Every structure is written in structure tokens, then in C-alpha cells.
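*Asks:* Below is the structure I would like to discuss, written out as C-alpha cells.
Numbering (my numbering), first residue to last: 8 to 59.
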């Protein structure tokens, strides 16, 4: 079997519903026009290996 002839990957993605949309200016600022996908990052500052 030739591995280079096989597809790299296949995925299934459900269709996004066109509801609760941001205005274009807000969507550009937020990185998405879909309000339900607007999940702001609230994590903590990263640390490098060996940092105390």
C-alpha cells in the first residue's frame, strides 16, 4: 500500500447556524461573527520549563 496515495485526514464539522451574529465591526474585533463561538481566553500567564 502506498501511504502517499492516502488522504492525510478527514473530519466531520457540523454546519454553523447563522443566528446571533455580531455586526461586522464587532466581529472583526472579537475574531468571530458568531456570538456563540465568542469564548474569551481567561487563562493565566504561561511559564517556561524550569521556572519557579
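Just so it is clear, CB atoms sit at the ideal spot from N, CA and C, and this is done for glycine as well. Just so it is clear, the structure is predicted and the values come from calculations on it, not from any experiment.
1) Answer yes or no: do residue 41 and residue 20 have a C-beta to C-beta separation smaller than 8 Å?
2) Cα separation between residue 52 and residue 12?
3) Go to residue 32, then tell me how far its alpha helix (DSSP H) extends in each direction, as first and last residue.
4) Indicate the three-state DSSP secondary structure (helix, strand or coil) for residue 15 in the structure shown.
*Replies:* On the basis of the supplied data:
1) As a first step, residue 41 must be located in the chain shown, where it is residue number 34. As a first step, residue 20 must be located in the chain shown, where it is residue number 13. It is not a contact, given that the beta carbons lie outside the stated cut-off.
2) Position 45 of the chain shown, counted from the start, is the residue given in the question as residue 52. Position 5 of the chain shown, counted from the start, is the residue given in the question as residue 12. Their Cα atoms are separated by approximately 43 Å.
3) Residue mapping note: residue 32 aligns to position 25 of the chain shown, counting from 1. It spans 31-37 - the alpha helix (DSSP H) in which residue 32 sits, taken as one unbroken run.
4) Here residue 15 is taken as the residue at index 8 of the chain shown, counted from 1. Here residue 15 sits in coil by DSSP.
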